[in-house]
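Chains as they are written, first to last, in the working numbering: chain A, 381 to 632; chain B, 40 to 284.
Even for Gly, the Cβ is constructed at its ideal location relative to N, Cα and C.
Owing to the predicted nature of the structure, the values given are computational and were not obtained by experimental measurement.
See structure below.
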Ligand SMILES: Nc1ncnc2c1ncn2[C@@H]1O[C@H](COP(=O)(O)OP(=O)(O)OP(=O)(O)O)[C@@H](O)[C@H]1O
Ligand SMILES: [Mg+2]
């Protein structure tokens with residue numbers, strides 16, 4: 381086995397393409413995500429963010445090109461190394477909060493009972509749902525379901541996390557809490573890949589990729605992307621629009 | 040290869056159903072209502088005695104198939120299948136987990152329906168009660184697997200609803216529930232040989248009407264078990280990692 385240095389990228393995508401029937405969702409996309417950072421995938425609806433994440437977690441296979449996570453092709457053998465929070469809430473609505481989180485803890489083979497109970501409690505407390513742990517998911521608000529969904533994704537402490545729009549529907553206070561927690565995770569060496577539409581989220585990421593039509597149109601740190609516009613005081617929003625317009629100009 | 044996580048999945052299914060009180064009540068009440076109505080529609084007890092084993096086999100197949108099929112489909116539509124497919128559980132874990140989980144409820148249902156038919160509807164029977172139950176268990180196993188298999192094809196609820204009559208009606212009319220298979224044209228008899236309910240009806244009639252033992256209906260049992268095994272393996276294959284959407 382080849383030893384992976386600490387600087388080896390957590391995610392490597394090399395000219396990967398994927399289409400659903402005739403819709404080209406990912407178009408010869410290449411991308412590298414270094415370990416231990418938060419990486420933001422930004423882009424409009426239909427840009428291919430979810431499809432890219434589904435390729436990375438192994439739910440889809442690229443039609444051409446390659447995808448590697450932690451040096452390996454995504455498969456069931458790498459599944460325990462990743463946490464995945466789908467864009468849909470993806471919870472068992474009849475079950476309580478704690479039953480949902482505990483189920484996924486078991487699925488991810490936390491077999492020691494005490495350890496599992498502890499992890500489940502930590503995960504639920506983190507998303508501030510401990511008071512409501514016995515409630516059925518059916519009785520929770522949209523934002524609360526979003527929080528439980530995150531708890532299910534992180535309960536097994538994976539080194540690599542894929543979060544598909546984790547901050548949608550959260551109130552501002554909780555959004556801050558989430559980002560504080562994401563920062564603690566990256567300090568522990570955990571890699572986060574987070575998709576989002578909001579520039580508020582983007583500003584929190586260590587690095588960003590702007591996506592459109594299945595391609596990465598720009599990448600860099602938030603400040604690099606702001607500076608690339610050439611305008612002092614440009615916001616990330618300005619930067620995003622700048623790159624989109626630049627693409628449009630080069631297309632025509 | 041050992042489906043070690045099947046137990047986790049089965050426990051979850053049991054928890055889900057137990058928390059859904061209304062479904063729990065319906066699982067028990069609906070078959071009893073159906074059985075009573077059918078029972079009352081027969082003026083003569085002897086006709087009911089003849090048809091009862093076939094009805095028991097049909098109900099076991101029908102309800103287990105539906106319950107499993109629909110809830111497997113919900114796993115997909117609510118997005119949890121996406122999570123499971125990205126997790127370390129294997130396809131076999133999922134199929135076997137479903138089998139165990141629903142088996143418990145199907146078994147409970149069958150126990151109640153058989154006892155109700157015999158004691159409340161006063162159907163006379165030969166053979167041992169425990170052998171009747173064992174035979175029903177085998178039918179349930181086949182039906183649960185059939186439910187999983189069909190729902191790996193159906194992409195949504197509408198498609199699933201189309202499959203229900205396709206699975207149910209031919210079996211009711213071609214498998215000897217109402218009239219004997221031997222009276223049908225040759226090609227239909229041939230078709231009936233590949234439908235599992237034929238063996239369920241045959242076996243259960245042999246036990247309940249002729250007082251035969253499980254050993255005597257060994258062939259029917261073997262076919263049903265074989266059907267369950269083959270269909271669950273195919274189900275595990277159709278449930279591809281890439282097919283979670
Ligand atoms: N299951 C599917 N079947 C067919 N086409 C799909 C499917 N899922 C996505 N697509 C198409 O693939 C393209 C990329 O979609 P994707 O969901 O990856 O975008 P996204 O960036 O996640 O968008 P959003 O911000 O709305 O979540 C879109 O054109 C979409 O219509
Ligand atoms: Mg998306």
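Nearest residue (CA-CA) to residue i, options the options
i: residue 577 of chain A; options: A:500, A:428 and A:603; result: A:428
i: residue 286 of chain B; options: B:113, B:262, B:234 and B:219; result: It is not possible to answer for residue 286 of chain B, since the shown part of chain B is limited to 40 through 284.
i: residue 458 of chain A; options: A:565, A:532, A:391 and A:582; result: A:391
i: residue 450 of chain A; options: A:395, A:526, A:568 and A:416; result: A:416
i: residue 166 of chain B; options: B:251, B:139 and B:240; result: B:251
i: residue 516 of chain A; options: B:57, B:45, B:142 and B:49; result: B:57
i: residue 510 of chain A; options: A:479, A:495, A:600 and A:538; result: A:479
i: residue 551 of chain A; options: A:521, A:597, A:613 and A:570; result: A:521
i: residue 146 of chain B; options: B:190, B:180, B:117 and B:162; result: B:180
i: residue 239 of chain B; options: B:262, B:110 and B:223; result: B:262
i: residue 158 of chain B; options: B:59, B:71, B:109 and B:207; result: B:71
i: residue 474 of chain A; options: B:267, B:61 and B:270; result: B:61
i: residue 546 of chain A; options: A:539, A:519, A:528 and A:536; result: A:528
i: residue 544 of chain A; options: A:603, A:535, A:397 and A:436; result: A:436
i: residue 210 of chain B; options: B:225, B:226, B:232 and B:198; result: B:232
i: residue 148 of chain B; options: B:68, B:257 and B:237; result: B:68
i: residue 242 of chain B; options: B:186, B:198 and B:173; result: B:173
i: residue 423 of chain A; options: A:575, A:630 and A:618; result: A:575
i: residue 564 of chain A; options: A:579, A:589, A:534 and A:588; result: A:534
i: residue 588 of chain A; options: A:560, A:567, A:570 and A:619; result: A:619
i: residue 237 of chain B; options: B:249, B:208 and B:120; result: B:208
i: residue 128 of chain B; options: A:472, A:466, A:490 and A:593; result: A:490
i: residue 217 of chain B; options: B:76, B:86 and B:55; result: B:86
i: residue 443 of chain A; options: A:397, A:410 and A:477; result: A:397
i: residue 144 of chain B; options: B:110, B:222 and B:191; result: B:110
i: residue 512 of chain A; options: A:477, A:445, A:591 and A:612; result: A:477
Paired residues, beta bridge with residue i - DSSP
i: residue 465 of chain A; result: A:543
i: residue 394 of chain A; result: A:446
i: residue 595 of chain A; result: A:592
i: residue 422 of chain A; result: A:576 and A:590
i: residue 354 of chain A; result: For chain A, the structure presents residues 381 to 632; residue 354 of chain A sits outside this window and is missing.
i: residue 600 of chain A; result: A:588
i: residue 158 of chain B; result: Looking at the DSSP assignment, residue 158 of chain B forms no beta bridge with any residue, so it has no partner.
i: residue 389 of chain A; result: A:414
i: residue 404 of chain A; result: A:399
i: residue 476 of chain A; result: A:516
i: residue 452 of chain A; result: A:449
i: residue 430 of chain A; result: Beta-bridge pairing links residue 430 of chain A to no other residue.
i: residue 150 of chain B; result: Note: residue 150 of chain B sits in no beta bridge, so no partner.
i: residue 571 of chain A; result: A:540
i: residue 409 of chain A; result: A:396
Contact set between residue i and chain B, taken where Cβ atoms lie within less than 7 Å
i: residue 468 of chain A; result: 118
Contacts that residue i makes with chain A (C-beta to C-beta distance below 8 Å)
i: residue 47 of chain B; result: 483, 486 and 487
i: residue 128 of chain B; result: 487
i: residue 51 of chain B; result: 472, 475, 479 and 483
Amino acids of chain B, ordered along the chain, whose beta-carbon sits closer than 8 Å to that of residue i
i: residue 568 of chain A; result: Here the premise fails: no neighbours, minimum Cβ distance about 22 Å.
i: residue 459 of chain A; result: 125, 126 and 127
i: residue 516 of chain A; result: 58
Proximal residues of chain B, C-beta to C-beta of residue i below 9 Å
i: residue 396 of chain A; result: None at all; the shortest Cβ gap to chain B is about 14 Å.
i: residue 464 of chain A; result: 121, 122, 125 and 126
7 Å Cβ cut-off: residues of chain A touching residue i
i: residue 44 of chain B; result: 487
Residues of the stretch 97-124 of chain B in Cβ contact with chain A at a cutoff of 8 Å, in chain order, please. 117, 118, 119, 121, 122, 123 and 124
Length-filtered (4 minimum) alpha helix (DSSP H) runs lying within the stretch 184-269 of chain B: If one requires a minimum length of 4 residues, the alpha helix (DSSP H) runs lying completely within the stretch 184-269 of chain B are 196-213, 225-231 and 235-249, in chain order.
Interface positions of the stretch 55-74 of chain B facing chain A (Cβ-Cβ less than 7 Å), listed along the chain: 55, 58 and 59
Interface positions of the stretch 237-266 of chain B facing chain A (Cβ-Cβ less than 8 Å), listed along the chain: none
Extract the residue ranges of the alpha helix (DSSP H) inside the stretch 485-562 of chain A, only unbroken runs of 4 or more that lie entirely within it. 493-506 and 522-534
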